[in-house]
Structures are given as C-alpha cells and as structure tokens.
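First the structure, in the form of structure tokens, and then the observations on it.
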Amino acid sequence: MAGVRRRAPGVPPRLEAAITAEVIGTSLLKATDGFTRLWPTLGLAVAYLSAFGLLALAVRDIPVGVAYAVWSGLGTAAIMAIGAVFLGEPLSGAKVVGAGLVIAGVVVLNLGGAH
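For the sequence shown, the positions run 6 to 120 when our numbering is used.
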C-alpha cells in the first residue's frame, strides 16, 4: 500500500520507535556543535530521552539483553548509513561488512526466540 510504512520484521513497535528516536538524536550530535547550539541540543535531548523511555517500555515485552542488542546494533548500522549518505563520512568495505555482521546478529537473535 502506498503511504503505509512497514515495520522492520521481528522488531516490536516500541523497540522500533526507540531505535528511531536514538538515530534522530545521534544524527543531531554534529549539529549541536559541542552543545553550543540551542535547538539541535534540545532536539538531541528530547530524542535521547524518548529513546530511553521507549526502550524501557520495550523491555516489558522482550528480554533486556536482546532489546539492547537490537537497539544498539540497528541504531549503529543506521547511523553509519546516515553518516555516509547525509554527512559525507567515508564508507569503507570494512564498515559495510561490519554493518552486515551487526544486522546478521540481530537476525540470529530474533530467530533464536528473542520474543
């Protein structure tokens, strides 16, 4: 369906929202200029507080170790891609392989009965 956003397979909605908030916050880090710019800094603070609040809600339904592994792993892979595409950061073969391994690890966790 057009206009309908599909969730990542196997990722509960609260955890997906936590990952999204964390990625938004981390994407704002550079714009804060060392926390000297008000609006990016406030945006980062709201995003990180939201991310941790949503993560806390997500661990009601899934084990904390699995939730944190998925949250940090997918967030790391997303930030690497955002850095390369939007922030002009270099993307090496090693980074791509590393991100692939992170994603493979998340898949294995989900297949292993994480939920």
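Ideal Cβ positions, reconstructed from N, Cα and C, are used throughout, including at glycine. Fair warning: this is a prediction, and the values are worked out from it, not measured in the lab.
Boundaries of the alpha helix (DSSP H) harbouring Ala22: Pro18 to Leu33, taken from the DSSP string. By the 16-neighbour rule on beta-carbons within 10 angstroms, Thr31 is buried. C-alpha of Gly39 to C-alpha of Tyr53: approximately 16 Å in a straight line. Excluding the 5 residues flanking it on each side, Asn115 has same chain C-beta neighbours closer than 7 Å at Gly15, in chain order. In the three-state reduction of the DSSP assignment, Val102 falls in the helix class. With contacts defined by Cβ atoms closer than 9 Å, Trp76 and Leu34 do not form a contacting pair.
By the criterion of at least three beta-carbon pairs nearer than 8 Å, the stretch 49-63 is not in contact with the stretch 92-110.
Relative to Pro18, the option among Leu96, Leu59, Arg42 and Thr41 whose CA is nearest is Leu59. For Ile84, the closest C-alpha among the options Ile29, Ala23 and Ala22 is that of Ile29. Ranked by Cα distance from Thr25, the first of Ile87, Ala109 and Pro95 is Ile87.
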